[in-house]
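Visitor: FYI, numbering that gives the first Met the number 0 numbers position 65 of the sequence shown as 64, with every residue one higher than the one before it. All C-beta atoms, glycine included, are put in the ideal place defined by N, C-alpha and C. Values in this document were obtained by computation on a predicted structure and should not be read as measured data.
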Amino acid sequence: MSKKIFDLGMLYFGKMGALMVGFFFMPIYSKVLGPESFGQVALLLSLVSAALTLDFGTTTIIGRDAADSEVSQRKGYEQYLSAILLLIIFYSCTYVIYFPLSFVYGWGDFDELTMLSTLLLILSLLIQNVSVSYLNGLKEFKVSGGLLFFSVVLRGVVTLVAIKYISNDIFVFILSQTIVSIVFAMIFVFLPTYLKVGPISSLDIKKIFFGVLPLVKKGFPLLLFGFSAALVMQLDKIVLSKFEGASFLAAYYLAFTFSTTPILAIAGPIKQYYQPFIVSNITKNDANYRKYSLLFCLTIYIMVVLPVLFVYPFLENVLSLWLGRNPLLPDVLTFSKVLLPAFVIGALSYIPSVLMTVAEDYKFQAKFSVISSLLFAISVFFMGVTGYSTYIAWVFCVYYSLVIVLCGIRCLYLSKVQFCIKDILKYIIPAFVPAVVVYWCGVIISHYLFF
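#1: Does DSSP put Glu243 in a helix, in a strand, or in coil?
#2: When we look at the beta-carbon of Cys419 and count the other beta-carbons within 10 Å, is it buried (16 or more) or exposed?
#3: For Pro236, collect the residues of the same chain with a Cβ closer than 8 Å to its Cβ; drop the 5 residues on either side in sequence, then sort them by chain order.
#4: Which runs of the alpha helix (DSSP H) fall wholly inside the segment 305-344 and span at least 4 residues, in chain order?
#5: Can you name, in chain order, every residue of its own chain whose Cβ lies under 6 Å from the Cβ of Pro326, other than the five neighbours on each side?
#6: Identify, in the order they occur along the chain, each residue of the same chain with its Cβ nearer than 8 Å to the Cβ of Leu322, setting aside the five sequence neighbours on each side.
#7: Measuring alpha carbon to alpha carbon, tell me which residue in Leu53, Val437, Val31 is nearest Ala229.
#8: If you count every other CB in all the chains shown that lies within 10 Å of the CB of Pro213, and 16 or more means buried, which is it?
#9: Look up Gly38 in the DSSP assignment and say whether it is helix, strand or coil.
#10: Could you give the first and the last residue of the continuous alpha helix (DSSP H) run that contains Pro191?
#11: Buried or exposed: Val435, going by 16 or more other Cβ atoms within 10 Å of its Cβ?
#12: Whose C-beta lies closer than 8 Å to the C-beta of Leu411 among residues of the same chain, with five residues either side of it excluded?
#13: Pull up the distance between the alpha-carbon of Phe140 and that of Phe149, whole angstroms please.
#14: Let me confirm a value: Tyr387 is counted as buried when at least 16 other C-beta atoms fall within 10 Å, else exposed. Which label applies?
#15: Let's test the definition: count the other Cβ atoms within 10 Å of the Cβ of Ser166 and tell me whether it reaches 16, buried, or not, exposed.
#16: Which word fits Tyr104, buried or exposed, when buried means at least 16 other C-beta atoms lie within 10 angstroms of its C-beta?
#17: Leaving out five residues on either side along the sequence, give the residues of the same chain with a beta carbon under 6 Å from the beta carbon of Ser372.
#18: Could you give the distance in angstroms between the alpha-carbon of Trp106 and the alpha-carbon of Phe172?
#19: Just confirm the distance between the C-beta atoms of Val160 and Val179, as a whole number of angstroms; I'd bet it's less than 8 Å.
#20: Helix or strand or just coil, what does DSSP make of Gly33?
#21: Taking DSSP as the reference, what is the three-state secondary structure of Thr93?
#22: Go ahead and pull the three-state DSSP assignment for Tyr447.
#23: Please list the terminal residues of the continuous alpha helix (DSSP H) segment that includes Asp110.
#24: Distance, Cα to Cα, Lys366 vs Ile344?
#25: State yes or no: is the C-beta of Gly383 within less than 7 Å of the C-beta of Val238?
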């Protein structure tokens, strides 16, 4: 048990780097760059984040297969390298198409060097994501967590130093992020050969090249899923950049960064930790997979839902400490009041999503995600066009609630995981009692501390 707690702690350690960059550096970046430049940086970072979800499902597939007891370590590493090759080919072709068209039609407000640096940043971050998933599948949590922590924190620090002491422009911001990311991507690629796989010279290069096409076939439904995720997580910023000013987008981006902290820094590592155990136990026909699915749900409830309920009554005070004397604070608070609960619901939606991944129900995931994300996109565009941009945050609440309900119902019809979802449903009503108690404790404490 102590080893499992330590391993989960290392995953948190890794994600804590992302938390630090988002939680501590973003307000500083906004002050150093100014509202106009920070609004443009927010748009570029949103595009990078969108691209990271369009990975042909390689992060999901590689992590799942690495955890599968029937897949050898050599085969798993060759598949991992095939995934990296697929991503390089896909995004290089995308850029080759984009580059000449940008000259003809003048798309975007960024110069060619900035866009090239952005492409390299996307590729290096994609390699890191796939590598972390692969290492977690091998249950190398200490290595993946430690490297992820240092890569994200160092990227944040180097970027801050660069824009503060070299030049506070967008190109320097992106270039500094890219250089650090490339270095760590190379470390991630070669590291498994020193851990378990053996010398890279003994790999079958043909298998790596020929392994690309099977990944395309297997991952295409997940590419649609990734496209849907990109729409949901990043379209709002693109719409706001079109219909609202830079200051409005900057305030929304800060609120979005703050509100996604529970799902990215806490729920994400929980998902990455428990999914390999559920998969490996199912492939071994071990009944413990039900125990791990229940522990997965319980951990998200304790580590995400309850803390947010406790903090919510004094949200304004937390944001004041985070942003300091920032004129964007009132707008950030308005957005955060809705976005924070929305992403708590989003963290809970990981539960049916993971169970469907475990059951390899990729086709339903793809179809559902495409339909739901299109409805989400239509709603967001409607809010932007009609001038109701402040209500975009509410669309997230509706979207994630639908994901939980409809995907949960789907899990009831999947023979591999139907018992898992039934186990979880037994505890829904009892879970309301501690939730109510924790929330009112927050209300009482906030009353005596801040009023």
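Guide: Looking at the atomic coordinates:
#1: Within the sequence shown, residue 243 is the residue found at index 244, counting from 1. Glu243 falls in the coil class under three-state DSSP.
#2: Taking the first residue of the sequence shown as position 1, residue 419 is located at position 420. Per the 10 Å Cβ criterion, buried.
#3: Counted from its first residue, the sequence shown places residue 236 at position 237. Checking the sequence shown, residue 236 turns out to be Lys, not Pro. Within the same chain, Cβ atoms closer than 8 Å to the Cβ of Lys236 are found at Ala41, Leu42, Ser45, Leu248, Tyr251, Tyr252, Phe255, the five residues on either side in sequence being excluded.
#4: 305-310, 314-322
#5: For the purposes of this step, residue 326 is taken as residue 327 along the sequence shown, with counting starting at 1. No residues qualify anywhere along the chain.
#6: If you number the sequence shown from 1, residue 322 lands on position 323. Pro26, Leu253, Leu328, Val331.
#7: The count along the sequence shown starts at 1 and reaches residue 229 at position 230. Ala229 has its Cα closest to that of Leu53, out of Leu53, Val437, Val31.
#8: Numbered from its first residue, the sequence shown carries residue 213 at position 214. The residue in question, Pro213, is exposed, as its Cβ has fewer than 16 Cβ neighbours within 10 Å.
#9: Counting from one through the sequence shown, the residue named residue 38 turns up at place 39. Note: Gly38 maps to helix in three-state DSSP.
#10: Along the sequence shown, one-based indexing puts residue 191 at 192. Here the alpha helix (DSSP H) through Pro191 covers 169-191.
#11: Position 436 of the sequence shown, counting from 1, holds the residue named residue 435. By the 10 Å Cβ count, Val435 comes out exposed.
#12: The sequence position of residue 411 within the sequence shown is 412, counting from 1. Residues of the same chain with a CB within less than 8 Å of the CB of Leu411, apart from the 5 flanking positions on each side, are Gln417, Ile420, Lys421 in chain order.
#13: Translated into positions along the sequence shown, residue 140 becomes position 141. Translated into positions along the sequence shown, residue 149 becomes position 150. Taking the straight line joining both Cα atoms gives about 14 Å.
#14: Residue numbering aside, residue 387 sits at position 388 when the sequence shown is read from its first letter. Exposed, because fewer than 16 other Cβ atoms sit within 10 Å of the Cβ of Tyr387.
#15: Translated into the one-based positions of the sequence shown, residue 166 becomes position 167. So Ser166 counts as exposed.
#16: The residue labelled residue 104 in the question sits at position 105 within the sequence shown. Its pLDDT being 41, under 50, Tyr104 is placed unreliably by the model, and nothing is read from it.
#17: Counting from 1 along the sequence shown, the entry for residue 372 is found at position 373. Cβ neighbours of Ser372 beyond the five flanking positions: Ser227, Leu230, Val231.
#18: Locating residue 106 in the sequence shown gives position 107, counting from the first residue. Locating residue 172 in the sequence shown gives position 173, counting from the first residue. Caution is warranted here: a pLDDT of 46 is assigned to Trp106, below 50, making its placement in the model unreliable, and the coordinate value is therefore given only provisionally. The C-alpha of Trp106 lies about 21 Å from the C-alpha of Phe172.
#19: Looking up residue 160 in the sequence shown gives position 161. Looking up residue 179 in the sequence shown gives position 180. With a Cβ gap of about 11 Å, Val160 and Val179 do not count as contacting.
#20: Looking up residue 33 in the sequence shown gives position 34. The answer is helix: DSSP assigns Gly33 an H, G or I state.
#21: Here the question's residue 93 lines up with position 94 in the sequence shown. Three-state result, Thr93: helix.
#22: As a first step, residue 447 must be located in the sequence shown, where it is residue number 448. Helix at Tyr447.
#23: In the sequence shown, residue 110 corresponds to position 111, counting from 1. First-last for Asp110: undefined, no H or E at that position.
#24: Taking the first residue of the sequence shown as 1, we reach residue 366 at position 367. Taking the first residue of the sequence shown as 1, we reach residue 344 at position 345. When rounded, the separation of the alpha-carbon atoms in Lys366 and Ile344 is 21 Å.
#25: Indexing the sequence shown from 1 puts residue 383 at position 384. Indexing the sequence shown from 1 puts residue 238 at position 239. Taking 7 Å as the Cβ cut-off, Gly383 and Val238 qualify as a contacting pair.
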